[in-house]
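Participant: So the protein sequences, as listed, match chains F and P. Heads up: the first sequence begins at 85 in the numbering used here, then just goes up one per residue. Heads up: the second sequence begins at 85 in the numbering used here, then just goes up one per residue. Idealized CB from N, CA, C, for every residue including glycine.
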Amino acid sequence: MRLRTVLVVASLLLVAILVQTTLFSQTEIFVPDLVMLVVILLSLTRLRPEAVLAIAFLGGLSIDLLGSSVLGLRAMVFTIVAYLALRTRERADLGRVVIGLWAGLLTLGGVLLLLVVGTLFGQTVLLGDGVVGLLLLVPAANTILTWIFAPMVVRFIDRDTTAFRYA
Amino acid sequence: MLNRQPGDRTLPTLVTLLVLGMLLMTFDVRSEGQGVTSVLRTGTQTIVAPLQKGAAFLVNPVLDVVDSLANIAILRETNLILQREVAELEAELISVDDDLARLEFYEQLYDLEATGTDIGRTVAEVIGRVDPLDKSLIIDKGTNEGIAVGQPVIDTNGYVVGSVQQVTGGTARVVPITVGSDGVAVAVGEQLGVVLPQINDNILRLEVNPAREPVLAGEKVVTSSQSVRFPAGYPVGEVIVDAAPSGADSLSTLVEPYMNPDNIRVVVVLAWPPDPVAAVTESTTTTTSSTSTTLDGSTTTSTVDGDG
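#1: Return helix, strand or coil for Glu303 (chain P), following the three-state DSSP convention.
#2: Closer than 8 Å, CB to CB, is Leu217 (chain P) near chain F or not?
#3: I want to see whether chain F comes within less than 8 Å of Asn293 (chain P), judged by CB atoms only; does it?
#4: When we look at the beta-carbon of Ala169 (chain F) and count the other beta-carbons within 10 Å, is it buried (16 or more) or exposed?
#5: Using only CA atoms, which one of F:Gly188, F:Arg243 and F:Leu150 lies nearest to Thr255 (chain P)?
#6: If you follow the beta strand (DSSP E) that Leu288 (chain P) is in, where does it begin and where does it stop?
#7: Hey, which unbroken runs of the beta strand (DSSP E) at 3 residues or more fall wholly within the region 210-240 of chain P?
#8: Compare the C-beta of Asp242 (chain F) with all C-beta atoms of chain P and state if any pair is closer than 8 Å.
#9: By the three-class DSSP mapping on this structure, what secondary structure does Gln118 (chain P) have?
#10: Using a threshold of 8 Å, state whether the C-beta atoms of Val115 (chain F) and Val200 (chain F) are closer than that.
#11: Check this for me: beta carbons of Asp112 (chain P) and Leu155 (chain F), under 8 Å apart or not?
#12: Closer than 7 Å by beta-carbon distance: list the chain P residues that pair up with Asp117 (chain F), in chain order.
#13: Determine which residues of the region 146-167 of chain F have a Cβ less than 9 Å from any Cβ of chain P, and write them out in chain order.
#14: I want to see whether chain F comes within less than 8 Å of Met343 (chain P), judged by CB atoms only; does it?
#15: Mapping DSSP to helix, strand and coil, what is Gly138 (chain P)?
#16: Flag Leu102 (chain P) as yes if its beta-carbon sits less than 8 Å from any beta-carbon of chain F, otherwise no.
#17: Flag this pair as touching only if the region 175-184 of chain P and the region 181-190 of chain F have three or more C-beta atom pairs under 8 Å; answer yes or no.
#18: Any C-beta of chain F sitting closer than 8 Å to the C-beta of Leu153 (chain P)?
#19: At which residues does the alpha helix (DSSP H) containing Ala138 (chain F) begin and terminate?
#20: Thr94 (chain P) CB to nearest chain F CB: under 8 Å?
#21: Verify the CB distance criterion: does Phe114 (chain F) have a CB-CB separation below 8 Å to chain P?
#22: Since Ser247 (chain P) and Arg289 (chain P) should fall inside the 8 Å C-beta cutoff, what is the C-beta to C-beta distance between them, to a whole number of angstroms?
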């Protein structure tokens, strides 16, 4: 990765963490998981797949370090989400709506995995009030944000103005 | 011949990272969040905290405006209610001032001195949460303001919120009682019990053992003097379902907490216990209290710690 790309990706992750922990921590209906979303969007870029996996791991680890659940939980889950995204991105490249839905499904898988692994490791802090509702709200918010921002993010990181232009 | 296309290294990278993640999780669980992982967490939070505070400084006014616009229809009515409440509270305050003056007079008359058991309070603002699933709260005060791990946290009405789990110089993380892994020793009437969090629910489960008499809906639940995590007498919630002792002289029912962690914007951290030596003892016993739940005292719990 070039220095510019490293800086852009690091800034993107930092902004995602800050916005998620401040702005979206106080909203009740629109509750995206921005770091997971960034990981999914990065899988759409021309970054090397191994780099995307490493970024996903580090992004998850950052949230683990800031949060109260066990260290490594989100790092693992985000890495798996990134891998699934890399393996399925070709099939989703049909239009903005499809990509949004694809990101929503990946987010749903990620949240489910987070809850399952978290439960296995006794992370009661993840299983509070409204957890079932969040299974729908988080993927829905990520779907909307992907639909809006995916082309912009991919074009900016890849420096390719032709990306995501559907006839 | 091996294909060296970049995509071919995806699976080995995935497996490596998953193994690393699993090792981290195991290490963190085994070390109970202490040692290296605690240092890593504190370091990361120390770096990110100023940025979070800056972001919260920008975001909170915007959220307040949006909130005001969303509730503009009821603002006038709310204002009238609040004005009425302020008038009532001002009248109460005058009455309390009179009582205080009378108390001071009697203290001087009988040459009394305060016992010095007042609990120090630090008011802090909630600046956010980590993600939608993690219910712990990040507050804008830390060790610089005297906050320490294990200290109890209440809301501005005095209702129990939770306790401090992690602290840095400028921020701290509070785990609410509705999601924490430890129970809280409480009193219902003259009976003692423990309230425990439930999955996907804000309602707490109350267990009283031994139970001598039924517990009725509407009864107040407060922290008990046997609690090692909270000072006695702070309101926790209200019983919502009647329950009578079963064959094993125990009862279980549900308690609706007075506080809702989703709506809390300001909290108060209590400097409790006031004696720092006791605080160290309390913090070590807190981890064992969840397993025993009958908080028999520091001697017993310390022994458990030593054995563990």
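Facilitator: Put simply:
#1: In the structure shown, the three-state DSSP call for Glu303 (chain P) is coil.
#2: With a threshold of 8 Å between beta carbons, Leu217 (chain P) makes contact with chain F.
#3: Under the Cβ distance rule, Asn293 (chain P) does not count among the residues neighbouring chain F, no pair being separated by less than 8 Å.
#4: Counting C-beta atoms within 10 angstroms of its own C-beta, Ala169 (chain F) has 16 or more neighbours from the protein chains shown and is therefore classed as buried.
#5: Answer by Cα proximity: F:Leu150.
#6: First-last of the beta strand (DSSP E) with Leu288 (chain P): Asp285 to Val292.
#7: Counting only runs of 3 or more, we get 221-223 and 236-239.
#8: Closer than 8 Å: no.
#9: Gln118 (chain P) carries a coil assignment under DSSP once its states are collapsed to helix, strand and coil.
#10: It is not a contact, given that the beta carbons lie outside the stated cut-off.
#11: Going by C-beta atoms, Asp112 (chain P) is nearer than 8 Å to Leu155 (chain F).
#12: Residues of chain P with a Cβ closer than 7 Å to the Cβ of Asp117 (chain F) are, in chain order, Asp215 and Pro216.
#13: Taking a C-beta cut-off of 9 Å against chain P, the contacting residues of the region 146-167 of chain F are Ser146, Ile147, Asp148, Leu149, Leu150, Gly151, Ser152, Ser153, Val154, Leu155, Gly156, Leu157, Arg158, Ala159, Met160, Val161, Thr163, Ile164, Ala166 and Tyr167, listed in chain order.
#14: Closer than 8 Å: no.
#15: Helix at Gly138 (chain P).
#16: Answer yes: the Cβ-Cβ gap between Leu102 (chain P) and chain F drops below 8 Å somewhere.
#17: Judged by Cβ distances under 8 Å, the region 175-184 of chain P makes no contact with the region 181-190 of chain F, as fewer than three pairs qualify.
#18: False, the Cβ-Cβ gap to chain F never drops below 8 Å.
#19: Where Ala138 (chain F) is concerned, the enclosing alpha helix (DSSP H) starts and stops at Pro133 to Leu150.
#20: It does; some Cβ of chain F falls within 8 Å.
#21: With its beta carbon at least 8 Å from every one in chain P, Phe114 (chain F) lies outside the interface.
#22: Contact doesn't hold; Cβ gap of about 18 Å is too wide.
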